[in-house]
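Report on the structure given below.
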Amino acid sequence: QKEVEQDPGPLSVPEGAIVSLNCTYSNSAFQYFMWYRQYSRKGPELLMYTYSSGNKEDGRFTAQVDKSSKYISLFIRDSQPSDSATYLCAMGTDSWGKLQFGAGTQVVVTP
Amino acid sequence: DTGVSQDPRHKITKRGQNVTFRCDPISEHNRLYWYRQTLGQGPEFLTYFQNEAQLEKSRLLSDRFSAERPKGSFSTLEIQRTEQGDSAMYLCASSDIRDNEQYFGPGTRLTVT
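Top to bottom, those sequences are chains A and B. Counting in our numbering, the first sequence runs from 9 upward without gaps. Counting in our numbering, the second sequence runs from 950 upward without gaps.
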């Protein structure tokens, strides 16, 4: 079993809808949680960075971390066709060092 | 400074040849990371530097792989005697010493024929 599990999708939503993404993990030592967006054949782009449990909001993006359930979420409000991409969750145990990534969820926002 | 840069963006090589990739991190970042990504998967950690010191290496990094970061600036990743299984996107990331926000470059796509 992988340390970080993420549904590969694709997840198709109409423009303007809320996109809901999530990851589960097994390693209770993870403390740092990130969401990246990756367009085809490009490098990942950091969207959200959170430490420990709680919520964080940045514009149309909200990240949630529930360490007791080992579950993290990303919500995208008012989705746009330009949000169509693969979304990767990533986690680390320390404020340095390697990140463990999920396999990514492909999101398609249709006009 | 506009971010992490990588060169080349795409490399095609024949099996058995050696290849070298370069990464230039964000200028004020002390930490530099290499990852490998195959189709349909998330990036997998290969190795990590703090300044010029290589602090961690994954078991994925076989003896054919070597990474350096002379003078704590740019880094190179060399693969010797390439195999078809080495075909992947090689990603470089950097972060500041204060946190683990890792910023990625555009990647080098390696194709071994």
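Quick reminder that beta carbons are idealized off the backbone N, C-alpha and C, glycines included.
- For Ser103 of chain A, at least one C-beta of chain B is nearer than 9 Å to its own C-beta.
- Between Ser1044 of chain B and chain A, the shortest Cβ-Cβ separation is below 9 Å.
- Between Gly100 of chain A and Gln46 of chain A, the CB-CB gap reaches or exceeds 9 Å.
- Boundaries of the beta strand (DSSP E) harbouring Lys1006 of chain B: Ala1002 to Lys1006, taken from the DSSP string.
- Contact check for Thr1062 of chain B and Lys960 of chain B: beta-carbon distance about 11 Å, past the 8 Å limit, so the pair fails to qualify.
- Inter-segment contact for the region 969-980 of chain B and the region 1041-1056 of chain B is present: three or more beta-carbon pairs are separated by less than 8 Å.
- Pairing Phe109 of chain A with Glu993 of chain B gives a Cβ-Cβ distance under 9 Å.
- Short of 7 Å from the beta carbon of Arg1013 of chain B, and not among the five residues preceding or following it, lie these beta carbons of its own chain, in chain order: Ile1028, Gln1029 and Arg1030.
- Taking the Cα positions, Tyr1052 of chain B is about 6 Å away from Leu54 of chain A.
- DSSP places Ser90 of chain A within a helical segment (H, G or I) once states are collapsed to three.
- Between Gly1034 of chain B and Leu107 of chain A, the alpha-carbon positions lie close to 22 Å from each other.
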